[in-house]
Each structure stands twice: as structure tokens, then as C-alpha cells.
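**Q** Before I ask anything, here is the structure I am working with.
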Amino acid sequence: MCWLFLEIQELLHFTRTLSKLSMRTSVGKHLLQDSEHGRLFSMHEQIDHKVDFIEQELQHSERSIVLVGHSIGAYIGLEVFKRLQNKIKMFVGLYPFLKLNKNSVTQSAIGYIARSSLLSKGVSLLASFIGSLQPSIIRGIVRRFLGTSWSVTAVDVACCHLLKYHTMRNVLFMAMTEFQKLTEEPDWMFVRAKEDKIAFLFGVDDHWGPLSHLEEISKRAPGVTLSVETEGHTHGYCCNEPGSFWVADYVANFIKTQKRH
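Residue numbers (the working numbering): 65 to 325.
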């Protein structure tokens with residue numbers, strides 16, 4: 065079984081580890097040294113990148129693919145599924161961000177900043193300045209304002225990679241393009257057509273994927289497997305070990321269940 069974890073996250077959430085695979089298939093374009101010389105990548109280009117990676121790396125493979133997408137990665141995963149239907153066996157969306165939540169103050173604030181080139185540059189310069197401080201000061205700021213419950217690894221990743229000008233510019237540009245696209249409804253026709261191969265895990269109090277979105281999915285595509293996590297983890301589960309292990313167990317058990325059917 066081939067796993068492709070699509071971890072495209074919202075503004076301030078980072079993955080707990082940076083394996084070679086995640087660096088090649090996820091935000092790795094933005095986390096590495098600015099080899100693109102300031103180029104900004106839209107969500108559409110991110111989707112193209114994932115499709116190209118699968119087609120290139122697995123062109124001669126007959127192994128089944130399970131796509132797992134978190135947050136905006138759930139939307140991207142569905143788009144990849146649409147393009148590569150013959151290669152994908154099933155898709156799992158974790159705390160999915162599939163369309164804008166008009167009641168979210170956080171989303172409104174991020175959208176406001178992302179739409180303004182001036183504000184985006186200002187925030188990116190601020191992030192770069194913080195990243196130039198002494199390591200102990202950077203860790204204190206990240207721990208205090210971003211990751212009070214994050215693991216040491218997640219804090220280290222944020223300190224080393226998030227607080228760079230080109231990284232933050234790409235994060236905000238990506239946010240702008242995804243917010244523009246997510247004003248539209250998901251492709252319900254496709255979701256219904258593949259509902260027996262799709263599952264979503266929602267959180268109890270998650271403004272990126274509120275339970276009202278779960279209810280809408282249940283009405284529009286009743287065959288989709290829907291679950292709600294009630295263990296107290298958050299949208300940023302992947303930034304701490306308990307959340308990471310719990311979600312990994314959920315995905316593994318779901319796949320085992322599907323294989324028995």
C-alpha cells in the first residue's frame with residue numbers, strides 16, 4: 065500500500081516531522097532554501113505539483129494509493145483524486161478545510177492580510193526579523209504565541225523554517241488563492257460518485273472544518289464515511305505526539321476496515 069500524505073496546512077500549523085516524502089509532496093517547496101528566487105505558488109500549482117509527483121514516481125507501479133489530506137490538504141486530495149481516479153483506492157480527509165467558514169474570525173483576519181500585498185509583505189518581514197533573533201528568543205516566541213502544546217520537534221520546525229520571508233510570503237499567497245477558490249461549493253457530484261471510497265474526520269470545535277460542514281456532507285453524499293474526534297485533539301493535532309498517534313491509529317484502522325470489505 066502506498067501512502068501519500070498531503071499536509072498542506074493553514075497559516076500557523078506545521079507538520080511534526082519533515083521526511084523526504086513530505087518535503088517533496090507538501091509545503092516542502094516553501095520550507096527549503098528559496099531556490100525559486102521569490103516565486104509564489106498558488107493552490108492550483110500545488111495541486112498540479114502533487115499530480116505530477118504521483119505520475120512521475122509511480123508511473124510504473126501497480127500499487128494501490130491511499131491519499132490522506134489534512135486541512136486544505138483534504139481539498140487538494142479530492143482534486144488529485146478527481147484527476148487520478150484509476151490510481152487512487154481511497155481518500156481520507158482529516159479536519160478538512162473544504163470551503164470558507166463565514167463565522168470564523170480567524171479566517172476573516174487571515175484572508176484580509178493575504179489579500180493585501182502590503183500587509184503580506186509586512187507580516188513576512190516581521191516573521192523574518194523574528195527569525196533573525198537569538199535561537200533561545202525565537203523558541204520562546206514560537207512556544208508562547210504559536211505552540212504552547214506543540215512538541216519539541218514542531219517548535220524546532222517552526223523556528224527553522226516558518227520564520228523566513230519567502231516562506232511566509234508563500235504561505236500567505238497560498239492562503240489568498242485557496243480562500244478565493246473555497247468561496248465555491250465542493251464538487252458534490254464527484255463526492256457522491258466516489259462516496260464509498262471517501263472518509264472525513266472532523267473535530268468538535270474546529271473553525272476550519274465545523275460540524276455544520278459534516279452535516280452538509282451527510283446530506284449531499286450519505287455514503288461517505290464520517291467520524292468526529294472527541295478525544296480533545298485539535299486541528300493542529302500533527303504538532304504534538306498524542307494527536308499524531310491518535311489520528312494515525314484512526315487512519316490505519318479505517319484502511320484495515322475497508323480492506324476487509
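Just so it is clear, CB atoms sit at the ideal spot from N, CA and C, and this is done for glycine as well.
1) Can a CB atom of chain D be found closer than 8 Å to the CB of Gly157?
2) May I ask which residues mark the beginning and end of the beta strand (DSSP E) holding Asn293?
3) So which of Lys151, Trp214, Arg207 and Glu249 has the shortest CA-CA distance to Lys163?
4) Residues in the same chain with beta-carbon distance under 7 Å from Gln123, minus the five sequence neighbours each way, listed in chain order, please.
5) When you compare only the Cα positions, how much space is there between Leu278 and Glu305?
6) Whole-angstrom Cβ separation of Lys114 and Ile140, contact assumed at under 8 Å?
7) Report the rounded CA-to-CA distance for Glu293 versus Ser180, giving the unit in angstroms.
8) Cutting at 7 Å between CB atoms, please list the residues of its own chain near Glu242, excluding the five before and the five after it.
9) Just confirm the distance between the C-beta atoms of Val156 and Phe318, as a whole number of angstroms; I'd bet it's less than 8 Å.
10) How is Val221 classed by DSSP in three states: helix, strand or coil?
11) In whole angstroms, what is the alpha-carbon distance linking Leu183 and Thr321?
12) Using the Cα positions of Leu197 and Leu265, report the straight-line distance between them to the nearest angstrom.
13) What does Ile194 pair with, by DSSP beta-bridge criteria?
14) Please specify which runs of the alpha helix (DSSP H), each continuous and at least 4 residues long, are wholly inside the region 156 to 213, giving them in chain order.
15) Look up Phe297 in the DSSP assignment and say whether it is helix, strand or coil.
16) Below 7 Å, is the gap between the Cβ of Cys302 and the nearest heavy atom of the ligand HEM?
17) Identify, in the order they occur along the chain, each residue of the same chain with its Cβ nearer than 7 Å to the Cβ of Val206, setting aside the five sequence neighbours on each side.
18) Going by beta-carbon coordinates alone, are Leu290 and Ser282 separated by less than 8 Å?
19) Mind checking Val311: buried by the 16 CB within 10 Å criterion, or exposed?
20) So what does Met154 bridge to, in DSSP terms?
21) Quick check on Leu227: does DSSP put it in helix, strand or coil?
22) List the whole-angstrom C-beta distance separating His271 from Gln171, where the pair is believed to meet the contact cut-off of C-beta under 8 Å.
23) Using three-state DSSP, classify Ala316 as helix, strand or coil.
24) Opposite Gly267 in the DSSP bridges: which residues?
**A** Reading from the atomic positions:
1) The structure shown contains no chain D; it is built from a single protein chain.
2) The amino acid at residue 293 is misidentified as Asn; the sequence shows Glu. Glu293 -> beta strand (DSSP E) spans Thr289 to Glu293.
3) Glu249
4) No residues qualify anywhere along the chain.
5) 26 Å
6) 6 Å
7) Distance between the alpha carbons of Glu293 and Ser180: 35 Å.
8) Same-chain partners within the cutoff: Met107 and Ile136.
9) 6 Å
10) helix
11) 47 Å
12) 38 Å
13) Its beta-bridge partners do not exist; DSSP assigns none.
14) 169 to 179, 181 to 195 and 199 to 209
15) A small fix is needed here, since residue 297 is His in this sequence, not Phe. Reduced to three states, the DSSP call for His297 is coil.
16) Of the ligands one can find in the structure shown there are none, so the ligand HEM has no counterpart to examine.
17) Val219, Ala222 and Cys223
18) yes
19) buried
20) Val130
21) Leu227: coil per DSSP, three-state reduction.
22) With a contact defined as Cβ atoms closer than 8 Å, His271 and Gln171 qualify at about 7 Å.
23) helix
24) Glu293
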